[in-house]
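So the protein lines, in turn, are chains A and B. Residue 125 in numbering that gives the first Met the number 0 sits at position 126 of the first sequence, with consecutive numbering throughout. Residue 184 in numbering that gives the first Met the number 0 sits at position 185 of the second sequence, with consecutive numbering throughout.
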Amino acid sequence: MDDQGTFERDDKEIEREIEALLFASDTPLSAAKLASLVGTASTRRVLAAIGTLADFYREANRGFTIVEVAGGYQLSTLPEYSGVISRLFKGRKKGKLTQPALETLAIIAYKQPISRMQIEAIRGVNCDGVLSTLIERELISISGRGDGIGKPFLYATTKKFLEYLGLKDFRDLPDLAELERRFAMDAAADRPLVPPPASASGEDGSRDAEKQ
Amino acid sequence: MTYHVRLMQFEGPLDLLLHLIRRDKINIYDIPISHITREYLASLEIMQELELEVAGEFFVMAATLMRIKSQMLLPRHEAIDEGEIDPRDELVRNLLEYRTFKEAAHCFAAREEDRRKVYQRPMMKPSEEEAGEAPVEVTVYDLLEALKGVLKNLSGQAIYHIIPESVTVEQKIEAIRGSLARRSEVLFTELFGAAINKIEIIVTFLAILEMIKLQEIVARQMSHGEDIWLYRSATGSYIEAGGTQDG
């Protein structure tokens, strides 16, 4: 354990330690955290070791790999083996999110922190039940209180949300502007899209500014 | 008589409108408002005929559509050509924004599906001292354990005279609501800070249990044996119910 005094620790040993840590951990471990755990100052060495391990699993055709998720790394089985694993767990996995839950989660993910009223203004429906479901599943949490009437609770997504969708970080979210463009293209495929009328000046024209 | 109704579940009025817009291949930037209003109302009628529960929001939207329709009929010559505001603008903005998030939700669903095919190490901790980052649900036993701690603190103080019961569970619930209205979370032990006798401590404890039962609050802790925090649950709506709405 005590390697003080020796030069640099053997790369292979660091690899094995990281492998053991990833195996033992139930949450993704960040490169910085791994570095401090194995006692090296360099996250570069950690990343190199992770790369070597991932390559090794792939080349050796193992049933799992290392994935980057929620700002860290974790061992994960390959999608090909979902069948055999689900036989092991027999429906013990949590249910999928419903459409209202997904919509609400999407709004929170892009607009956080956001109050329930603001979410409801976008969805046009009451979101009480959906919010408590999402909180129960720990995908969102109350992050503070807003300034409005009654100091409403503000909601934000959790680290578990990133894990749930397998996102590396928030930059990994689908690009909203990209989604909007996709619509413009879909509409064009459907039928020629009449260019939108110039929206009233002064009135929020940000959304369709590019299309004018 | 047989109906051939493809039963569609609409998430809300905007969802229904988007469906009609897609179905009738309507240009979302230039919605023929009397057509869409007619179709929208017809859809509501069908939903009611099928005895589906039609949420109030659907009727609010119906009113909005009729308002826009009437505004469109008003003579508009007095409006300055350039600065004229289309009565449909706000609705269109809402529709576009909602549509974008609906699409994002589709992306989320696809990612969820992918993610469900892979498995990670299960949630289990080798020992209790390694605290997780996500708070865990508090059990009744945790609460009782915490109560024991509070009572032990009290027994250290020498109080010999008996004070008649002056606090009711209802009053305590109000007090806890008050604390949680000011702050997003409250430490379990904090709620007992002002309690001077055993009865008040127990009344406070009962109030907490009652509120948890009513799902007004939730109790969480970082890991078992740690401080218990109480949060207002998202389902609790007493503030809205009691609040007055001045325009």
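Heads up, the beta-carbon is just placed ideally off N, CA and C, and yes, glycines get one too.
Beta-carbon of residue i versus every beta-carbon of chain B: anything under 8 Å?
| i | result |
| --- | --- |
| L192/A | Note that L192/A has pLDDT 38, beneath the 50 cutoff, so the model's placement of it is unreliable and the number below is only indicative. Yes, because at least one Cβ of chain B sits closer than 8 Å to the Cβ of L192/A. |
| D10/A | no |
| S24/A | yes |
| E102/A | yes |
| A105/A | yes |
| Q111/A | no |
| T51/A | no |
| L33/A | no |
| I13/A | no |
| L178/A | yes |
| F169/A | no |
| V83/A | no |
| I121/A | yes |
| V124/A | yes |
| Q211/A | Confidence is the limiting factor: at Q211/A the pLDDT is only 34, short of 50, which leaves the residue's position unreliable, though a coordinate-based value still follows. With 8 Å as the cut-off, Q211/A does not count as an interface residue toward chain B. |
Please go through the same chain and pick out, in chain order, the residues whose beta-carbon is closer than 8 Å to the beta-carbon of residue i, but skip the five residues on each side of it.
| i | result |
| --- | --- |
| Q73/A | L21, S24, T26, P27, L28, I65 and V66 |
| R115/A | C126, D127, L130, P151, F152 and Y154 |
| D245/B | In this predicted model, D245/B has a pLDDT of only 39, less than 50, meaning its place in the structure is not dependable; the value taken from the coordinates is given anyway. Within the same chain, D245/B has no close Cβ partners at all. |
| I216/B | I175, L179, I207, M210, L229, Y230, R231, S232 and G235 |
| A40/A | A34 |
| L150/B | K197 and I200 |
| R122/A | P99, E102, T103 and I106 |
| G148/B | T188 |
| G165/A | V66 and V68 |
Measuring only between beta-carbons, confirm whether residue i sits less than 8 Å from chain A.
| i | result |
| --- | --- |
| M60/B | yes |
| L146/B | no |
| L13/B | yes |
| K68/B | no |
| S222/B | no |
| P31/B | no |
| R120/B | yes |
| E96/B | yes |
| A54/B | yes |
| S42/B | no |
| S232/B | yes |
| F100/B | yes |
| E215/B | no |
| F107/B | yes |
| S178/B | no |
By DSSP's criteria, residue i is part of a beta bridge. Which residues make up the other side?
| i | result |
| --- | --- |
| F152/A | R144/A |
| V166/B | In DSSP, V166/B forms no bridge with anything. |
| V185/B | L229/B |
Does the distance between the C-beta of residue i and the nearest non-hydrogen atom of the ligand COA fall short of 7 Å?
| i | result |
| --- | --- |
| Y80/A | By its list of ligands, the structure shown contains no ligand whatsoever, and the ligand COA lies outside what it can speak to. |
Between the options, which lies nearest to residue i when the distance is taken from Cα to Cα?
| i | options | result |
| --- | --- | --- |
| E14/A | R44/A, S35/A, A40/A and A31/A | R44/A |
| P112/A | F55/A, G145/A and S75/A | G145/A |
| I20/B | C106/B, Q8/B and H34/B | H34/B |
| E112/B | S114/A, V68/A, L77/A and K95/A | K95/A |
| L40/B | N196/B, A61/B, E48/B and L213/B | A61/B |
| L161/A | A105/A, L77/A and A19/A | A105/A |
| R136/A | K150/A, A100/A, I148/A and C126/A | A100/A |
| A215/A | G224/B, I45/B and E89/B | Absent from the structure is residue 215/A, since the part of chain A shown begins at 0 and ends at 211. |
| H223/B | L15/B, T138/B and R37/B | T138/B |
| L87/A | Y118/B, T188/B and I84/B | Y118/B |
| S42/B | R22/B, E136/B and D29/B | R22/B |
| F9/B | K110/A, Q98/A, T132/A and E12/A | Q98/A |
| T167/B | Y140/B, I200/B and Y97/B | I200/B |
| R180/A | M46/B, L190/B and E96/B | E96/B |
| E169/B | V202/B, N152/B, D29/B and F191/B | V202/B |
Given residue i, which residues of its chain have a CB within under 6 Å of its CB, disregarding the five upstream and five downstream residues?
| i | result |
| --- | --- |
| I32/B | I67, K68 and M71 |
| V91/B | none |
| G70/A | S29 and D168 |
| R181/B | none |
Considering only their Cβ atoms, is the gap separating residue j from residue i smaller than 8 Å?
| i | j | result |
| --- | --- | --- |
| A103/B | P173/A | yes |
| I27/B | L94/B | yes |
| A248/B | I172/B | Any question about residue 248/B goes unanswered here, given that chain B covers just 0 to 246. |
| V37/A | E16/A | yes |
| S183/B | I148/A | no |
| G11/B | V124/A | yes |
| E102/A | F57/B | no |
| L143/B | A218/B | no |
| D10/A | A48/A | yes |
| L17/B | R98/B | yes |
| T36/B | L64/B | yes |
Taking Cβ-Cβ distances shorter than 7 Å, what residues in chain E pair up with residue i?
| i | result |
| --- | --- |
| R114/B | Looking for chain E here will not work: the only protein chains present are A and B. |
To which residues of the same chain is residue i closer than 7 Å at the C-beta, ignoring the five residues directly before and after it?
| i | result |
| --- | --- |
| R57/A | T64 |
| T42/A | A30, A31 and A34 |
| L138/A | L104, T156, T157, K159, F160 and Y163 |
| I84/A | T76 |
| P86/B | I67, Q70 and M71 |
| L186/B | D226 and W228 |
| L133/A | A100, T103, L104 and I139 |
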